[in-house]
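*Asks:* Number 67 in the UniProt record's numbering belongs to position 67 of the sequence shown; there are no gaps in the numbering. Mind looking over this structure? Questions follow.
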Amino acid sequence: MSRSTDLLLTALAPAVWGSTYYVTTEFLPPRYPVTVAALRALPAGLLLLALTRHLPPRDWLGRVFLLGALNFPVFWCLLFVAAYRLPGGVAATLGSLQALLVILLARGLLGAPVRAGAVLAALAGMAGVAALVLGPEAALDPLGLAAGIGGAASMALGTVLSRKWRPSVPPLTFTAWRLIAGGLLLLPMALLLEPPLPPQSGANLVGLLWLGLVGAAATYGLWFRGIGRIEPSAVSMPGMMSPVTAVLPGWILLGEALTLVQGAGATAILLSVWAGQRAAHAPAALRTRAPGTGGAAPAGT
(Lines of atoms letter the chains of each structure in order from A and count residues from 1; the text may use other names and numbers.)
(Lines give C-alpha, C1' and ligand atoms only; values in the text may rest on other atoms or scores of the structure.)
Protein backbone atom coordinates (compact mmCIF):
# COMPACT_ATOMS: atom_id res chain seq x y z
CA MET A 1 0.00 0.00 0.00
CA SER A 2 1.37 3.43 -0.95
CA ARG A 3 2.39 6.05 1.59
CA SER A 4 -0.31 8.39 0.27
CA THR A 5 -2.95 5.76 0.99
CA ASP A 6 -1.53 5.19 4.47
CA LEU A 7 -1.67 8.94 5.15
CA LEU A 8 -5.23 9.21 3.86
CA LEU A 9 -6.45 6.31 6.00
CA THR A 10 -4.67 7.71 9.06
CA ALA A 11 -6.14 11.18 8.48
CA LEU A 12 -9.64 9.69 8.53
CA ALA A 13 -9.28 9.09 12.28
CA PRO A 14 -8.92 12.73 13.45
CA ALA A 15 -11.42 13.79 10.79
CA VAL A 16 -14.01 11.50 12.41
CA TRP A 17 -12.95 12.53 15.93
CA GLY A 18 -13.93 16.06 15.02
CA SER A 19 -17.57 14.89 15.07
CA THR A 20 -17.30 13.91 18.75
CA TYR A 21 -18.39 17.33 20.05
CA TYR A 22 -21.46 17.41 17.81
CA VAL A 23 -22.45 13.82 18.65
CA THR A 24 -21.89 14.39 22.37
CA THR A 25 -23.96 17.57 22.56
CA GLU A 26 -26.75 16.46 20.21
CA PHE A 27 -27.13 12.74 21.03
CA LEU A 28 -25.78 12.01 24.52
CA PRO A 29 -26.94 12.96 28.03
CA PRO A 30 -24.81 15.69 29.67
CA ARG A 31 -22.58 15.32 32.74
CA TYR A 32 -21.41 11.75 32.09
CA PRO A 33 -18.02 12.29 30.39
CA VAL A 34 -16.10 9.49 32.14
CA THR A 35 -18.95 6.99 31.74
CA VAL A 36 -19.26 7.81 28.05
CA ALA A 37 -15.48 7.49 27.66
CA ALA A 38 -15.54 4.03 29.30
CA LEU A 39 -18.46 2.96 27.08
CA ARG A 40 -16.53 4.23 24.10
CA ALA A 41 -13.26 2.41 24.80
CA LEU A 42 -14.07 -0.89 26.52
CA PRO A 43 -16.77 -2.32 24.19
CA ALA A 44 -14.75 -1.24 21.16
CA GLY A 45 -11.68 -3.02 22.50
CA LEU A 46 -13.63 -6.18 23.34
CA LEU A 47 -15.14 -6.20 19.85
CA LEU A 48 -11.71 -5.95 18.24
CA LEU A 49 -10.35 -8.62 20.59
CA ALA A 50 -13.20 -10.94 19.56
CA LEU A 51 -12.17 -10.41 15.95
CA THR A 52 -8.42 -10.84 16.48
CA ARG A 53 -8.51 -13.47 19.28
CA HIS A 54 -5.04 -12.76 20.60
CA LEU A 55 -4.38 -11.86 24.24
CA PRO A 56 -1.29 -9.85 25.21
CA PRO A 57 1.62 -11.81 26.68
CA ARG A 58 2.21 -11.25 30.38
CA ASP A 59 5.46 -9.34 29.87
CA TRP A 60 3.59 -6.80 27.69
CA LEU A 61 0.83 -5.98 30.19
CA GLY A 62 2.71 -3.08 31.80
CA ARG A 63 3.38 -1.40 28.47
CA VAL A 64 -0.16 -2.06 27.24
CA PHE A 65 -1.71 -0.45 30.34
CA LEU A 66 0.70 2.50 30.20
CA LEU A 67 -0.19 3.13 26.55
CA GLY A 68 -3.86 2.60 27.30
CA ALA A 69 -3.67 5.15 30.13
CA LEU A 70 -1.83 7.77 28.07
CA ASN A 71 -4.10 7.46 25.05
CA PHE A 72 -7.43 7.22 26.85
CA PRO A 73 -8.04 7.93 30.61
CA VAL A 74 -5.27 10.50 31.11
CA PHE A 75 -5.84 12.20 27.75
CA TRP A 76 -9.63 12.21 27.89
CA CYS A 77 -9.86 13.30 31.55
CA LEU A 78 -7.43 16.18 31.05
CA LEU A 79 -9.30 17.09 27.88
CA PHE A 80 -12.57 17.31 29.81
CA VAL A 81 -10.97 19.42 32.57
CA ALA A 82 -9.63 21.81 29.93
CA ALA A 83 -13.00 21.88 28.16
CA TYR A 84 -14.85 22.71 31.39
CA ARG A 85 -12.42 25.42 32.57
CA LEU A 86 -11.48 27.05 29.25
CA PRO A 87 -13.42 28.32 26.25
CA GLY A 88 -13.49 25.65 23.55
CA GLY A 89 -11.17 27.65 21.32
CA VAL A 90 -8.43 27.85 23.94
CA ALA A 91 -8.72 24.12 24.72
CA ALA A 92 -8.53 23.20 21.02
CA THR A 93 -5.53 25.47 20.46
CA LEU A 94 -3.68 23.86 23.36
CA GLY A 95 -4.57 20.44 21.98
CA SER A 96 -2.89 21.34 18.70
CA LEU A 97 0.42 21.46 20.61
CA GLN A 98 0.44 17.68 20.20
CA ALA A 99 2.03 17.81 16.74
CA LEU A 100 4.98 19.86 17.98
CA LEU A 101 5.39 17.73 21.11
CA VAL A 102 5.44 14.55 19.01
CA ILE A 103 8.34 15.96 16.96
CA LEU A 104 10.34 16.73 20.11
CA LEU A 105 9.51 13.47 21.90
CA ALA A 106 10.32 11.43 18.80
CA ARG A 107 13.75 13.05 18.77
CA GLY A 108 14.38 12.11 22.39
CA LEU A 109 12.84 8.62 22.45
CA LEU A 110 13.30 7.38 18.89
CA GLY A 111 16.29 9.36 17.63
CA ALA A 112 14.12 10.73 14.82
CA PRO A 113 15.49 13.83 13.05
CA VAL A 114 14.00 17.24 13.80
CA ARG A 115 13.07 18.81 10.48
CA ALA A 116 12.68 22.57 10.30
CA GLY A 117 9.83 22.16 7.81
CA ALA A 118 7.93 19.88 10.18
CA VAL A 119 8.35 22.33 13.09
CA LEU A 120 7.18 25.25 10.94
CA ALA A 121 4.20 23.22 9.69
CA ALA A 122 3.22 22.36 13.28
CA LEU A 123 3.43 26.03 14.32
CA ALA A 124 1.42 27.09 11.26
CA GLY A 125 -1.20 24.47 12.10
CA MET A 126 -1.46 25.78 15.66
CA ALA A 127 -1.96 29.31 14.31
CA GLY A 128 -4.65 27.97 11.97
CA VAL A 129 -6.46 26.22 14.83
CA ALA A 130 -6.32 29.42 16.88
CA ALA A 131 -7.78 31.44 13.98
CA LEU A 132 -10.50 28.83 13.42
CA VAL A 133 -11.75 28.35 16.97
CA LEU A 134 -10.29 31.06 19.23
CA GLY A 135 -12.85 33.73 20.08
CA PRO A 136 -12.62 37.13 21.80
CA GLU A 137 -14.02 35.62 25.00
CA ALA A 138 -10.88 33.50 25.46
CA ALA A 139 -9.83 33.40 29.13
CA LEU A 140 -6.73 31.79 30.63
CA ASP A 141 -7.56 29.70 33.69
CA PRO A 142 -4.27 28.28 35.11
CA LEU A 143 -5.68 24.82 35.90
CA GLY A 144 -7.40 24.67 32.53
CA LEU A 145 -4.18 25.65 30.77
CA ALA A 146 -2.23 22.98 32.66
CA ALA A 147 -4.86 20.36 31.79
CA GLY A 148 -4.87 21.34 28.12
CA ILE A 149 -1.09 21.14 27.84
CA GLY A 150 -1.02 17.93 29.87
CA GLY A 151 -3.62 16.32 27.61
CA ALA A 152 -1.63 17.19 24.50
CA ALA A 153 1.54 15.85 26.12
CA SER A 154 -0.20 12.62 27.16
CA MET A 155 -1.46 11.87 23.66
CA ALA A 156 1.89 12.87 22.14
CA LEU A 157 3.82 10.56 24.47
CA GLY A 158 1.34 7.75 23.80
CA THR A 159 1.81 8.26 20.06
CA VAL A 160 5.61 8.13 20.24
CA LEU A 161 5.71 5.16 22.63
CA SER A 162 3.23 3.31 20.39
CA ARG A 163 5.85 3.66 17.66
CA LYS A 164 8.67 2.59 19.98
CA TRP A 165 6.88 -0.44 21.44
CA ARG A 166 5.45 -2.61 18.68
CA PRO A 167 4.71 -6.27 19.47
CA SER A 168 4.75 -8.93 16.79
CA VAL A 169 0.99 -8.83 16.27
CA PRO A 170 -1.25 -7.08 13.71
CA PRO A 171 -2.01 -3.39 14.46
CA LEU A 172 -5.69 -4.20 15.07
CA THR A 173 -4.73 -6.62 17.84
CA PHE A 174 -2.48 -4.05 19.48
CA THR A 175 -5.31 -1.50 19.20
CA ALA A 176 -7.70 -3.90 20.96
CA TRP A 177 -5.28 -4.34 23.86
CA ARG A 178 -4.91 -0.59 24.39
CA LEU A 179 -8.63 0.12 24.14
CA ILE A 180 -9.42 -2.60 26.68
CA ALA A 181 -6.70 -1.36 29.04
CA GLY A 182 -7.99 2.19 28.75
CA GLY A 183 -11.58 1.05 29.28
CA LEU A 184 -10.67 -1.00 32.35
CA LEU A 185 -8.93 2.03 33.85
CA LEU A 186 -11.90 4.28 33.05
CA LEU A 187 -14.56 1.94 34.43
CA PRO A 188 -13.82 2.33 38.18
CA MET A 189 -13.40 6.08 37.67
CA ALA A 190 -16.87 6.25 36.12
CA LEU A 191 -18.39 4.23 38.97
CA LEU A 192 -16.76 6.42 41.62
CA LEU A 193 -17.12 9.86 40.06
CA GLU A 194 -20.48 9.78 38.31
CA PRO A 195 -24.04 8.66 39.09
CA PRO A 196 -25.52 5.65 37.27
CA LEU A 197 -26.34 6.30 33.64
CA PRO A 198 -30.10 6.83 33.16
CA PRO A 199 -32.12 4.72 30.68
CA GLN A 200 -30.97 5.57 27.19
CA SER A 201 -33.19 6.81 24.38
CA GLY A 202 -32.82 5.72 20.77
CA ALA A 203 -30.82 8.88 20.01
CA ASN A 204 -28.51 8.19 22.96
CA LEU A 205 -27.85 4.66 21.70
CA VAL A 206 -27.10 5.96 18.21
CA GLY A 207 -24.58 8.39 19.69
CA LEU A 208 -22.92 5.68 21.78
CA LEU A 209 -22.74 3.32 18.81
CA TRP A 210 -21.16 6.03 16.67
CA LEU A 211 -18.55 6.89 19.30
CA GLY A 212 -17.80 3.23 20.05
CA LEU A 213 -17.87 1.54 16.64
CA VAL A 214 -16.74 4.40 14.41
CA GLY A 215 -15.15 6.88 16.83
CA ALA A 216 -13.10 4.25 18.67
CA ALA A 217 -12.88 0.77 17.09
CA ALA A 218 -12.51 1.89 13.46
CA THR A 219 -10.67 5.17 13.91
CA TYR A 220 -8.17 4.08 16.55
CA GLY A 221 -7.48 1.01 14.44
CA LEU A 222 -6.59 3.32 11.54
CA TRP A 223 -4.68 5.73 13.77
CA PHE A 224 -2.48 3.13 15.44
CA ARG A 225 -1.95 1.40 12.09
CA GLY A 226 -0.65 4.72 10.76
CA ILE A 227 1.67 5.18 13.74
CA GLY A 228 3.29 1.85 12.89
CA ARG A 229 3.77 2.74 9.21
CA ILE A 230 4.48 6.48 9.13
CA GLU A 231 7.04 8.44 11.11
CA PRO A 232 5.57 10.23 14.16
CA SER A 233 6.14 13.79 12.92
CA ALA A 234 4.09 13.02 9.81
CA VAL A 235 1.33 11.01 11.49
CA SER A 236 0.72 13.70 14.13
CA MET A 237 -0.06 16.45 11.61
CA PRO A 238 -3.44 15.05 10.43
CA GLY A 239 -4.56 15.45 14.05
CA MET A 240 -4.99 19.12 13.16
CA MET A 241 -7.99 18.04 11.06
CA SER A 242 -10.19 17.52 14.13
CA PRO A 243 -11.00 21.23 14.67
CA VAL A 244 -11.85 21.58 10.97
CA THR A 245 -14.30 18.68 10.98
CA ALA A 246 -15.61 19.80 14.39
CA VAL A 247 -16.98 23.04 12.90
CA LEU A 248 -18.43 21.40 9.78
CA PRO A 249 -21.55 19.88 11.44
CA GLY A 250 -22.43 23.25 12.95
CA TRP A 251 -21.89 24.95 9.62
CA ILE A 252 -23.76 22.37 7.52
CA LEU A 253 -26.44 21.07 9.92
CA LEU A 254 -26.99 23.88 12.42
CA GLY A 255 -26.65 26.90 10.14
CA GLU A 256 -23.69 28.40 12.00
CA ALA A 257 -21.70 30.96 10.00
CA LEU A 258 -17.94 30.87 9.40
CA THR A 259 -16.10 34.19 9.45
CA LEU A 260 -13.34 35.14 7.03
CA VAL A 261 -10.77 34.61 9.78
CA GLN A 262 -12.13 31.13 10.49
CA GLY A 263 -12.01 30.27 6.80
CA ALA A 264 -8.40 31.43 6.67
CA GLY A 265 -7.64 29.34 9.76
CA ALA A 266 -9.14 26.21 8.18
CA THR A 267 -7.11 26.84 5.03
CA ALA A 268 -3.94 27.27 7.09
CA ILE A 269 -4.61 23.96 8.85
CA LEU A 270 -5.03 22.09 5.56
CA LEU A 271 -1.87 23.67 4.14
CA SER A 272 0.10 22.86 7.31
CA VAL A 273 -0.95 19.20 7.11
CA TRP A 274 0.21 19.10 3.49
CA ALA A 275 3.48 20.87 4.37
CA GLY A 276 4.07 18.51 7.28
CA GLN A 277 3.88 15.51 4.96
CA ARG A 278 6.26 17.19 2.51
CA ALA A 279 8.70 17.91 5.32
CA ALA A 280 8.67 14.25 6.33
CA HIS A 281 10.14 13.40 2.92
CA ALA A 282 12.61 16.30 2.78
CA PRO A 283 16.11 15.45 1.46
CA ALA A 284 18.60 14.55 4.14
CA ALA A 285 20.63 17.71 3.48
CA LEU A 286 17.67 19.85 4.48
CA ARG A 287 17.01 18.10 7.78
CA THR A 288 17.90 19.77 11.06
CA ARG A 289 19.88 17.50 13.37
CA ALA A 290 20.61 17.96 17.01
CA PRO A 291 24.17 19.26 17.60
CA GLY A 292 26.83 16.60 17.79
CA THR A 293 24.71 13.69 16.58
CA GLY A 294 26.12 13.24 13.08
CA GLY A 295 22.88 11.61 12.00
CA ALA A 296 19.79 10.03 13.45
CA ALA A 297 18.56 6.48 13.57
CA PRO A 298 15.37 5.71 11.70
CA ALA A 299 12.21 6.21 13.72
CA GLY A 300 11.19 3.16 15.66
CA THR A 301 14.64 1.64 16.05
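Note that CB positions come from ideal geometry on N, CA and C, so glycine has one too.
Enumerate in chain order the residues of its own chain whose CB-to-CB distance from G47 is below 6 Å, with the five nearest sequence positions on each side excluded.
*Replies:* The sequence shown places Leu at residue 47, not Gly. Closer than 6 Å at the Cβ level, and outside the excluded window around L47, lie A217.
*Asks:* Report buried or exposed for T259, applying the criterion of at least 16 other Cβ atoms within 10 angstroms of its Cβ.
*Replies:* The residue is exposed, with fewer than 16 neighbouring Cβ atoms inside 10 Å.
*Asks:* Go ahead and label E26 buried or exposed: buried means 16 or more other beta carbons lie within 10 angstroms of its beta carbon, across all protein chains shown.
*Replies:* Under this definition E26 is an exposed residue.
*Asks:* Can Q98 and A156 be called in contact, C-beta distance under 8 Å?
*Replies:* In this structure, A156 lies closer than 8 Å to Q98 by Cβ.
*Asks:* For R107, does the count of other Cβ atoms within 10 angstroms reach 16, so buried, or fall short, so exposed?
*Replies:* Buried, by the Cβ-count rule.
*Asks:* Three-state secondary structure (DSSP) at V114?
*Replies:* If DSSP states are grouped into helix, strand and coil, V114 belongs with the strands.
*Asks:* Can you tell me whether DSSP reads F65 as helix, strand or coil?
*Replies:* F65: helix per DSSP, three-state reduction.
*Asks:* Looking at the structure shown, is L123 part of a helix, part of a strand, or coil, going by DSSP?
*Replies:* Helix.
*Asks:* Quick check: is any heavy atom of the ligand FAD less than 7 Å from the C-beta of I269?
*Replies:* Judged by which ligands are present, the structure shown has none, so any question about the ligand FAD falls away.
*Asks:* Among T245, Q277, W274, L12, which one has its Cα closest to the Cα of Q262?
*Replies:* Checked all of T245, Q277, W274, L12; the closest Cα to Q262 is T245.
*Asks:* Going straight from the alpha carbon of L271 to that of L208, what length do you get?
*Replies:* About 33 Å.
*Asks:* Can you tell me which of the three DSSP states T159 falls into?
*Replies:* In this structure, T159 counts as helix in the three-state DSSP scheme.
*Asks:* Specify the secondary structure class of G18 as computed by DSSP and reduced to three states.
*Replies:* In the structure shown, G18 sits in coil (DSSP, three-state: anything other than H, G, I, E or B).
*Asks:* Considering W76, what are the terminal residues of the alpha helix (DSSP H) in which it resides?
*Replies:* Where W76 is concerned, the enclosing alpha helix (DSSP H) stretches over 73-85.
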